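Chemist: After the structure tokens below, expect a handful of questions from me.
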Amino acid sequence: MRQTEPGRLPMHHGPAPSLATRPWLLKIVLTLAAMLLAFAAVTYQRTAAPGAERPVVDFHAFHVAGTLSLQGRAADSYDAERMERAQKAATGVKVFMPWTYPPPFTLFVAALAALPLGLAYALFTGLTLAFYVAILHRMAGAHLPGVVAAMAPVILLTVLTGQNGFLTGALTGWCLLALTAHRAGAGIPLGLMIIKPHLAAGLALIALQRQRLRIVGRRR
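For the sequence shown, the numbering used here assigns the number 86 to the initial residue and increments by one for each residue that follows.
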């Protein structure tokens, strides 16, 4: 080992060890998420007994809209009455979740609807969660376990509902990382945010502002 000079403290590289950097913390949260995902996939796929209360979450609306699209009835997703009837027919529960996503996302969920509900939910939620955690790792580095643990309630809730928060969050993080590194590839995640254009508005303004500042800097 390398000896340090008398009276000099040894140098440490990387973040100081803390609870936020413990790998087991990350493993606990992701294990809980995987267990919840498996349980929900089986529950959503299983046929409910007559008269039994069946859970209906956001992903059911995704699957219904995708099914309508596969049937050549994509426009029905944007009609409140027809969408409500389709959701009732698919879930057996009187519930209405309006479909307000733009056509590009409708095309995306059509691909998911080609699969059984439980499998489609598991693939979509599992893959987007992995994408999200990978982007968080790029941003948080060694402190990823602490970040994921702090966000555990939100992560588990998003897993349970099958919402697209992991996807939009990952695309947002990817775009910000690329903008920070001054990479032209920032336009890829920004373009993919067409699935939720109102969330992309802020990113577009940041991109425009950074380009404006770069041009001003060159003129100087």
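Where is the CB? At the ideal position from N, CA and C, for every residue including glycine. In this text, all values refer to a predicted model and were calculated from it rather than measured experimentally.
#1: Could you have a look at arginine 170 and say whether DSSP puts it in helix, strand or coil?
#2: Any contact between the region 155-170 and the region 212-229? By contact I mean 3 or more CB pairs, one from each, below 8 Å.
#3: Tell me whether proline 230 is buried or exposed, calling it buried when 16 or more other Cβ atoms sit within 10 Å of its Cβ.
#4: For glycine 250, is the classification buried or exposed, using 16 other Cβ atoms within 10 angstroms of its Cβ as the cut-off for buried?
#5: Here's a check: name, in chain order, each residue in its chain whose Cβ is nearer than 6 Å to the Cβ of histidine 97, leaving out the five neighbours to either side.
#6: Once DSSP output is grouped into helix, strand and coil, what is the label at serine 154?
#7: What distance in whole Å lies between the Cβ atoms of leucine 275 and cysteine 260, which are believed to be in contact at a cut-off of 8 Å?
#8: With distances taken from CA atoms, which of Ala150, Phe193 and Tyr186 is nearest glutamine 172?
#9: If contact is defined by three or more beta carbon pairs under 8 Å, each pair taking one atom from either stretch, is the region 225-242 in contact with the region 106-123?
#10: What did DSSP end up calling tyrosine 206 once you bin it into helix, strand or coil?
Modeler: Here's the rundown:
#1: DSSP places arginine 170 within a helical segment (H, G or I) once states are collapsed to three.
#2: Not touching, per the Cβ criterion.
#3: buried
#4: buried
#5: Any reading at histidine 97 is ruled out, since the residue's pLDDT is 48, under 50, leaving its predicted position unreliable.
#6: helix
#7: That belief holds up - the Cβ atoms of cysteine 260 and leucine 275 are roughly 5 Å apart, short of 8 Å.
#8: Ala150
#9: yes
#10: helix
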